[in-house]
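Visitor:
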Amino acid sequence: MRKVRRSKGFTLIELLIVVTVIGILSGSMMLTMGSSADKAEATRIVADLHSLKLAAGLYYADNVGGALSPDIAKLKTYVTAPEKLSGDRYEFIAGADAGQWFVGYKVAGAEAGVRENLKKMAAANGLRVGTTSADTDVYDGGTAGLYVRVK
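Spelled out as C-alpha cells, the structure:
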C-alpha cells in the first residue's frame with residue numbers, strides 16, 4: 000500500500016484569504032491616516048491663529064498711543080516663524096466695529112476634512128465666521144473665512 004504524502008505548503012484558497020485580509024486592513028489604515036493628517040492640519044491652523052492673536056496683543060501693547068493699523072506684516076517681529084505669514088492665508092484685520100481687531104485664516108483652499116475638523120474645534124477655540132461684535136456665529140465648516148477676535 001502506498002502512503003499519500005501531504006505537502007506542507009499553503010493552498011491557493013488560504014493564500015487568497017490572507018491577501019484579502021491584508022488588503023482590507025491596509026485600506027482601513029489609509030482611511031485612518033487621511034483623517035489624522037486633516038486633524039493635524041486643523042490643529043496647526045488653530046495654533047497659528049492663537050500665536051497670531053498673542054502677537055497682535057504684543058503689537059498693540061508696544062504701540063499704544065501711536066498709529067495702530069492691523070497689518071499682517073507688522074506681526075512678523077512678534078512671531079518665531081515669520082515665514083508662515085508670507086503667504087496669503089493669514090490676515091490681521093480691523094473688525095466691522097470700531098476698535099476691534101481679528102486674526103483670520105482663509106479656508107477657501109483647505110481640504111474638506113480640514114474644514115470639518117476646524118468646525119469641531121470652533122466652539123472651544125473661539126473660531127468665528129464674522130468680524131462684528133454682534134456676530135457670535137461659530138465657524139460652520141464653510142469656505143467664507145475663519146476669525147479669532149484679538150480685542
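Residue numbers (numbering that gives the first Met the number 0): 0 to 150. Even for Gly, the Cβ is constructed at its ideal location relative to N, Cα and C.
#1: Grab the span of the alpha helix (DSSP H) containing GLU115 for me, first residue to last.
#2: Select from HIS49, GLY98 and GLN99 the residue whose C-alpha is nearest the C-alpha of TYR77.
#3: Less than 9 Å between the C-beta atoms of ARG148 and GLY125, yes or no?
#4: Mind checking whether the beta-carbon of TYR146 lies closer than 8 Å to any heavy atom of the ligand ADP?
#5: Under 9 Å, Cβ to Cβ, is there at least one residue of chain C near MET28?
#6: Compare the Cα-Cα distances from TYR58 to each of ASP47, ALA72, VAL45 and ALA46 and report the closest residue.
#7: Thinking just about the alpha-carbon of each residue, which of PHE101, TRP100 and GLU115 is nearest to the one in ALA107?
#8: If you count every other CB in all the chains shown that lies within 10 Å of the CB of VAL51, and 16 or more means buried, which is it?
#9: Looking at C-alpha atoms only, which residue of GLY98, SER35 and LEU30 is the closest neighbour of VAL63?
#10: Return helix, strand or coil for ALA143, following the three-state DSSP convention.
Guide: To lay it out plainly:
#1: 111-124
#2: HIS49
#3: yes
#4: Of the ligands one can find in the structure shown there are none, so the ligand ADP has no counterpart to examine.
#5: The structure shown contains no chain C, having only a single protein chain.
#6: ALA72
#7: GLU115
#8: Here the sequence assigns Leu to residue 51, which means Val is not the residue at that position. LEU51 comes out buried.
#9: GLY98
#10: coil
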